[in-house]
Structure formats: C-alpha cells, structure tokens
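Numbering of the sequence shown is given in the numbering used here, commencing with residue 14 and proceeding in unit increments.
Remarks on the structure that follows.
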Amino acid sequence: MSNKLTPKKKEIYIIYPQAQISWLNSGEPFSEQFQDFYFSTDGGYQETEYVFLKPNQFPERFYLQHNSSSAATISIGETGFGTGLNFLVTLYYWLQIPTAKHTVHFISTEKYPFTKIQLQKVYQTFSSHWPQLTELCELLLSFYPDVFNNKRTFTCQFAHDNFKLTLLTGDACEQLNILAASKTVIFDAWYLDGFAPSKNADMWSQKLFNVIYKLSKTGTTLSSFTAAGFVRRGLIESGFRIKKIPGLGKKREILTGFYPLNIA
Ligand SMILES: C[S@@+](CC[C@H](N)C(=O)[O-])C[C@H]1O[C@@H](n2cnc3c(N)ncnc32)[C@H](O)[C@@H]1O
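So, in structure tokens, the structure goes:
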C-alpha cells in the first residue's frame with residue numbers, strides 16, 4: 014500500500030468534564046454540579062489553616078522533619094483539589110522553612126478540574142484577599158495545563174524540586190485504588206475535602222475511607238471539614254481513631270483522626 018493510502022492513526026483525546034462554575038460578586042466560585050461553595054472569601058484561608066493544616070500538625074511537622082538527620086518525603090493526600098487553596102496554603106507554610114532537606118509530595122484527586130481561565134479568575138480573588146499567595150498562584154498557573162486530556166495525572170514541582178504536586182484527574186475512589194495497587198506511596202496526612210456529604214455522597218463512601226486507610230500507616234493523620242456521624246463512623250470502621258473537635262466560626266465541629274499503632 015502506498016503511503017498516500019495508509020490510513021492515518023487517529024489521536025483520540027478524552028476531554029475531561031470540567032468544573033461548572035457560576036460566580037458571586039465577591040469573586041467566589043460556586044459549583045453548579047454540587048450546588049456548594051469551594052471556599053469563602055470571609056475566612057477561607059484561616060479555614061484551611063484551622064481545618065486541614067493544624068489538625069495534621071503542619072507546619073510543625075515540616076520543622077520536625079527538617080531537624081531530623083535523615084532526609085525524607087512527607088506525603089499529603091487530598092480528596093478534592095478544587096481551587097488548590099489547601100495546596101497553596103500548605104506550600105506557603107513549607108516555603109517558610111529556611112532550607113528544607115526533605116521533600117513534600119502533595120497528591121490530590123479532582124473529578125471536575127477547573128479550567129486554566131477559571132483558575133486565573135479565582136486567583137485574582139485570592140490575591141486581593143491573601144496577597145501572600147499571589148506569587149504561588151502565578152507559579153501554579155504557569156504549570157497548569159490548558160486542557161486536561163486523556164492524561165490521568167498532572168505533575169509539577171516547586172522550589173528546587175522539593176515540593177511536588179500530583180493531581181489525579183478522575184473519581185477519588187477510583188484514582189486512589191489505582192494508586193494503592195501501584196504500591197508507590199503511603200501517606201503521612203490526609204485532607205478530606207469533598208463538599209457537604211448531603212451534596213456529594215461519593216466523596217464520603219466506605220469504599221473511599223477503606224482505600225485511604227490502605228494508603229496510610231501508623232501515625233498517619235487526617236482531618237475533615239464535615240463532622241457528619243456516618244463519616245465519623247465510616248472512618249472508624251476503616252481503622253482510624255477519630256474525634257470531633259470544635260470548628261471555626263459558624264462551623265460547630267470538624268473531624269480529626271489518626272492511624273493507630275496496631276498491637277497484635
Ligand atoms: C470543597 S471542594 C474542594 C476545595 C479544595 N480543596 C480547595 O482548596 O479549593 C470539593 C472538590 O471535590 C471535587 N469532587 C467532587 N466529587 C469528586 C469525586 N468523586 N472525586 C474527586 N473529586 C471530586 C469537586 O469537583 C471539588 O473541586
């Protein structure tokens with residue numbers, strides 16, 4: 014067959030479903046898929062600190078690791094990347110350490126990623142409320158893909174390769190099961206952030222809690238914005254020790270927990 018007649022191999026790209034967003038006048042994105050907010054400009058940064066960093070003992074753990082003699086990787090897992098606010102605040106704290114010997118790998122899952130254009134708009138809001146994040150927002154945008162195609166992961170590295178972000182696009186439970194099967198990572202801390210359970214049951218299923226436990230080890234910590242009873246019971250059922258602690262502002266309670274020492 015001549016070259017002219019050889020059929021060309023078609024490249025098939027699956028375009029991922031993206032976040033369906035409407036915008037408040039304040040610049041806050043609202044999820045049309047889940048009818049819920051990603052963050053609040055009235056205290057979103059503090060909420061991230063209080064709900065996710067503090068219960069997981071960040072930034073203290075970064076310093077402890079820094080002072081230890083061995084270089085190590087701290088792996089942080091998150092169930093919903095959204096705008097990346099939790100990621101950016103964590104990176105901001107990590108950058109305050111003078112010279113980090115260790116590395117941090119932040120691995121997040123996202124079923125409906127923001128487009129780059131949507132994220133640019135969100136980051137204007139971040140910059141006006143939390144100017145300390147401006148430079149990091151620009152940095153993340155410089156790596157962020159224009160479109161999510163059939164690549165399952167998006168990875169980028171910050172600060173001399175010491176802080177790595179991997180975004181797994183797709184359903185959290187599916188993606189974490191693939192990760193568990195690969196046996197490439199065990200997490201030190203988890204941020205469970207998947208909208209209210211009443212609006213998004215998939216992010217609070219027993220199957221998801223079980224794979225999160227499977228990807229953890231003695232001493233792994235976790236926290237979650239929701240304190241719903243079935244979430245607390247489900248996490249306990251998977252093997253974690255869980256307790257409620259007071260929430261911030263209008264939020265009455267949140268959940269924190271850890272993977273206990275297994276004494277046979
Ligand atoms: C409350 S928002 C997360 C906010 C985020 N951590 C931040 O810093 O902006 C919940 C996120 O979970 C994502 N999500 C919802 N269902 C999902 C699923 N089954 N798997 C993975 N991500 C999901 C949503 O698209 C949304 O971005």
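Ideal placement from N, C-alpha and C gives every residue a C-beta, glycine not left out.
query	result
In whole angstroms, what separates the C-alpha of residue 136 from that of residue 244?	31 angstroms
Shortest alpha-carbon distance to residue 166 belongs to which of 178, 174, 155, 115?	178
Out of curiosity, what's the CA-to-CA distance linking residue 221 and residue 185?	7 angstroms
Do residue 92 and residue 206 come within 8 angstroms of each other at the CB atom, strictly closer than that value?	yes
Run through DSSP, which three-state label would residue 171 get?	strand
Using 8 angstroms as the Cβ pair cut-off and three pairs as the minimum, do the segment 31-41 and the segment 188-204 touch?	no
Just curious, the alpha helix (DSSP H) that residue 187 is in, first and last residue?	185-195
Measure the beta-carbon distance from residue 232 to residue 271 and round it to whole angstroms, keeping in mind my assumption that it falls under 8 angstroms.	7 angstroms
Beta-carbon separation of residue 175 and residue 116 under 8 angstroms?	yes
Would you call the CB atoms of residue 188 and residue 181 closer than 8 angstroms?	yes
In chain order, what residues of the same chain have a beta carbon less than 8 angstroms from the beta carbon of residue 212, not counting five sequence neighbours either side?	47, 48, 49
Classify residue 266: buried if its beta carbon has 16 or more other beta carbons within 10 angstroms, exposed otherwise.	exposed
Since residue 235 is in the beta strand (DSSP E), which residue starts that stretch and which ends it?	234-237
Apart from the five residues just before and just after residue 45, which ones in its own chain have a Cβ nearer than 7 angstroms to its Cβ?	33, 34, 35
Taking C-alpha atoms, which residue in 142, 228, 224 lies nearest to residue 57?	142
Could you say which of 146, 261, 274, 31 lies nearest to residue 123 if we only look at CA atoms?	31
Can you tell me which of the three DSSP states residue 15 falls into?	Model confidence at residue 15 stands at a pLDDT of 48, short of 50, so the residue's coordinates are unreliable and nothing is read from them.
May I ask you to list the residues that DSSP assigns as paired with residue 45?	DSSP, once it has assigned bridges, lists no residue as partnering residue 45.
Are the beta-carbon atoms belonging to residue 236 and residue 268 less than 8 angstroms from one another?	yes
Going by Cα to Cα distance, which pick from 133, 255, 234, 96 is closest to residue 241?	255
Buried or exposed, going by whether 16 or more other CB atoms sit within 10 Å of the CB of residue 154?	exposed
Could you check whether the Cβ of residue 214 sits closer than 7 angstroms to any heavy atom belonging to ligand 1?	no
Compute the minimum distance between the beta carbon of residue 32 and the heavy atoms of ligand 1, and state whether it is under 7 angstroms.	yes
Do you know offhand how far residue 160's Cα is from residue 129's?	8 angstroms
Going by CA-CA distance only, name the one from 144, 111, 203, 72 that's closest to residue 88.	203
Closest to residue 74 by CA distance: which of 43, 106, 59 is it?	106
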